[in-house]
Amino acid sequence: MKLTATEIEIAEILEKDARLTNEDVAKMTNLSVEQTREIIKKLEEQKIIVRYVSLVDWTKIDGHQGVTAMIDVKITPKRDVGFKNVAERIYRHREVKSVYLMSGTYDLSVVVEGNSLNEVAHFVTQKLSTIDGVISTTTHFVLKKYKHDGTIYDSDDKDKRIVVSP
Amino acid sequence: MELKTSYLAKHVRTLQPSGIRKFFDATAGMTGVISLGVGEPDFVTPWNVREAAIVSLEDGYTSYTANAGLPALREEIAKYIENYFCVSYQPESEIIVTVGASEAIDIALRAILDPGDEVLVIEPCFVSYAPLVTLAGGVPVIVQTNRENNFKVTAEELGEALTERTKAIMICSPNNPTGSMLSKDEMEKVAAVAKDNDLLILSDEIYAELVYDELYTSFAALDDMRERTILVSGFSKDLAMTGWRLGFVCAPEEIIGGMLKIHQYAIMCAATMAQYAALEGLKTGRKDVKEMRKSYRQRRNFIVQSLNDMGLACHNPEGAFYTFPCIESTGLSSEEFATRLLQTEKVVVVPGNAFGAGGEGFVRCSYATSMAQLQEAMTRMKRFVDNL
Ligand SMILES: Cc1ncc(COP(=O)(O)O)c(C=O)c1O
Chain A
258 MKLTATEIEI AEILEKDARL TNEDVAKMTN LSVEQTREII KKLEEQKIIV
308 RYVSLVDWTK IDGHQGVTAM IDVKITPKRD VGFKNVAERI YRHREVKSVY
358 LMSGTYDLSV VVEGNSLNEV AHFVTQKLST IDGVISTTTH FVLKKYKHDG
408 TIYDSDDKDK RIVVSP
Chain B
1059 MELKTSYLAK HVRTLQPSGI RKFFDATAGM TGVISLGVGE PDFVTPWNVR
1109 EAAIVSLEDG YTSYTANAGL PALREEIAKY IENYFCVSYQ PESEIIVTVG
1159 ASEAIDIALR AILDPGDEVL VIEPCFVSYA PLVTLAGGVP VIVQTNRENN
1209 FKVTAEELGE ALTERTKAIM ICSPNNPTGS MLSKDEMEKV AAVAKDNDLL
1259 ILSDEIYAEL VYDELYTSFA ALDDMRERTI LVSGFSKDLA MTGWRLGFVC
1309 APEEIIGGML KIHQYAIMCA ATMAQYAALE GLKTGRKDVK EMRKSYRQRR
1359 NFIVQSLNDM GLACHNPEGA FYTFPCIEST GLSSEEFATR LLQTEKVVVV
1409 PGNAFGAGGE GFVRCSYATS MAQLQEAMTR MKRFVDNL
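Protein chains in written order, with the working numbering: chain A, 258 to 423; chain B, 1059 to 1446.
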């Protein structure tokens, strides 16, 4: 779909900060509030803006740490549907946060989140490995997130400038 | 033996401290302030650029460079100027890498002025222009611009200030503190004044890459202007490198030769690691500049509308990262406005008179700060204005 430069700009602005009000976005782009609302509505309807999310650092909250695993999955592609229908059977699970088709030594990269190591292990052995067409899985647990989705966790982003300068 | 009343030279004794510094002292020790008083990017220097400096240190490049700067850097500057401004300069003989645009302005003035020579300084302007003219033995002649003209100087105003002793016109476009930028047409008119009166143009183009609506034209790129233009720029603003203290100056060989003599005795050469960093910035930093520019433009739009909405008339600045709203409607002087805003709402703005007498009635608000901070600053400022 072809978008205007302004429509793209609004998508970019909201991708960075979804909490900006229509009024703020209107001011930033020199549009009327009405025009801005129309554009945002269009972006939402066309599923260009798919969802508004916030990035939460769960490790800061006691009892909410959870575990993330990145699992390399090798599969046998099926005639006509290729990888798609195995991917579908995987991503339908609630625990699965993302599924990517990869080039290289394995086929799917699956990100799984669970409350505990056990929970993820259970998912891999009971749900994932047993799916028809899955040949093998290699599970990597994430030990610490330094940067996620372009955001550096715990970065020292204090303003280091003096209060007044030429 | 009797001591002199002061060991200081007269022109140093009488030099006024910068109005910005004065206001800086007022903010000392305060916490929880939001500053719109900062004349530098809120971005940190792009990582590529910082890394290049680190690598240069690791590799042991810790000695002096050539006086005029690393040959590779000058070459890259020449390429950049050619691409971006459409003027070509010889890297060997027409470019010096300096300690910020600040040093470039200083040595340019010292190289061209005989005692008593006059330089037209267009106010409101960057705080250092007039004092540097004085320190170089020249006489700054102030040309005031006004809001009706969007703070753009006209040929008539320049004409009125000319005398037998006028040697040069200092121009900064986009400007600090107003953000105003001359269109190509308007520049042609200033250039005509320079040509008709055989004047130099000292063109401070440090904000050239931070323009938001129109295309940028360099003074040196105008017809027959290259030979009478001293093009000053640097890495402080577009690559967010203020602390690295690195700039450059391009001019015809004779002028650069003169400037190089001063630079070589006073400075030797700019910091080596900073030069390696800038080299990387020129090679790979354009994408970062583009991102930053986009972000400034959005914030500019936001702050200009917000200021106008709260009744502080504000022209639309075409470049740099400053707005210069008129605060006359509040009945306060610019210093009172800034001081009381700081005391009641903890928002820092710079009184307009810090940039010359013609800045009275205005304050400078920098939008080189995050949208979140800007939003909060605008909320506080509106409350302040509403409660007056
Ligand atoms: C118009 C203008 N020229 C020059 C400078 C100084 O730049 P540099 O950091 O390169 O010395 C500034 C900094 O605020 C400025 O606003």
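The beta carbon of each residue, even a glycine, is placed where N, CA and C say it ideally should be.
Residue side-chain check: threonine 1427 of chain B keeps its Cβ at 7 Å or more from all non-hydrogen atoms of ligand 1.
Interface flag for lysine 298 of chain A against chain B is unset, since no Cβ pair is found closer than 8 Å. Look at the beta carbons and you see the segment 1065-1078 of chain B not touching the segment 1110-1119 of chain B: under three pairs across the two are nearer than 8 Å. In the structure shown, glutamate 1140 of chain B adopts helical secondary structure according to DSSP, grouped into three states.
Cα atoms of lysine 1247 of chain B and isoleucine 1259 of chain B: separation of roughly 13 Å, rounded to the nearest angstrom. Secondary structure in the segment 1327-1352 of chain B: the alpha helix (DSSP H) runs of 4 residues or longer, each lying completely within the stretch, are 1330-1342 in chain order. Contact of threonine 1085 of chain B with chain A is assigned, a C-beta pair being separated by under 8 Å. Taking a C-beta distance under 8 Å as the contact criterion, serine 1392 of chain B and glycine 1416 of chain B do not qualify as a contact pair. Around the beta carbon of lysine 284 of chain A, 16 or more other beta carbons sit within 10 angstroms, so the residue counts as buried. Put simply, the CB of asparagine 1359 of chain B is near chain A, with a gap under 8 Å to one of its CB atoms. As DSSP reads the structure, serine 355 of chain A sits in a beta bridge with A/Val368. Under a 10 Å Cβ-count criterion, glutamine 1401 of chain B is classified as exposed, with fewer than 16 other Cβ atoms of the shown protein chains found around its own Cβ. Excluding five sequence positions before and after glutamate 266 of chain A, the CB atoms of its chain that fall closer than 8 Å to its own CB belong to Thr286, given in chain order. DSSP, reduced to helix, strand and coil, places phenylalanine 1101 of chain B outside both helices and strands of the structure shown, so it counts as coil. Taking a cut-off of 6 Å from the heavy atoms of ligand 1, the residues with a C-beta inside it are A/Pro423, B/Gly1097, B/Gly1158, B/Ala1159, B/Ser1160, B/Phe1184, B/Cys1230, B/Asn1234, B/Asp1262, B/Ile1264, B/Gly1292, B/Ser1294, B/Thr1300, B/Gly1305.
Taking a contact to require three or more Cβ pairs closer than 8 Å, the segment 1169-1188 of chain B and the segment 1324-1339 of chain B do not qualify as touching. Here lysine 1253 of chain B is not near aspartate 1175 of chain B, since their CB atoms are 8 Å or more apart.
With the rule of 3 Cβ pairs closer than 8 Å, the segment 1192-1200 of chain B does not count as touching the segment 1343-1353 of chain B.
Of all residues in the segment 379-403 of chain A, none comes within less than 7 Å of chain B when Cβ atoms are compared. In this structure, the beta-carbon distance from valine 356 of chain A to alanine 326 of chain A does not fall below 8 Å.
Take the alpha-carbon of aspartate 1256 of chain B and the one of threonine 1212 of chain B: they are about 18 Å apart. Remark: fewer than three beta-carbon pairs, one from each stretch, lie closer than 8 Å, so the segment 1401-1411 of chain B and the segment 1285-1301 of chain B are not flagged as touching. Against serine 412 of chain A, chain B offers no close residue; the least beta-carbon distance is about 10 Å (beta-carbon pairs closer than 9 Å). By the Cβ neighbour-count rule, proline 334 of chain A is exposed, with fewer than 16 other Cβ atoms within 10 Å of its own. CA-CA distance, leucine 1399 of chain B to phenylalanine 1442 of chain B, rounds to 7 Å.
Chain-ordered listing is empty here: chain A has no CB closer than 9 Å to the CB of isoleucine 1264 of chain B, the nearest sitting near 11 Å.
Contact between glutamine 1433 of chain B and aspartate 281 of chain A holds: CB atoms are separated by about 7 Å, below the 8 Å threshold. Interface criterion met: the Cβ of glutamine 1356 of chain B is under 8 Å from a Cβ in chain A. Any Cβ of chain B closer than 8 Å to the Cβ of methionine 285 of chain A would place that residue at the interface, and such an atom is present. From the beta-carbon of isoleucine 419 of chain A, the residues of chain B found nearer than 8 Å are Phe1082, Val1096.
Residues of chain B with a Cβ closer than 7 Å to the Cβ of serine 311 of chain A do not exist, since the nearest Cβ in that chain sits about 14 Å away. For glutamate 1181 of chain B, the enclosing beta strand (DSSP E) starts and ends at 1176-1181. For glutamine 1433 of chain B, the chain A residues whose C-beta falls within less than 8 Å of its own C-beta are Asp281, listed in chain order. Under the 8 Å criterion on CB atoms, glutamine 1202 of chain B is classed as non-interfacial with respect to chain A.
Annotated three-state conformation of arginine 1168 of chain B is helix, per DSSP. At a cut-off of 8 Å between C-beta atoms, serine 373 of chain A does not count as an interface residue with respect to chain B.
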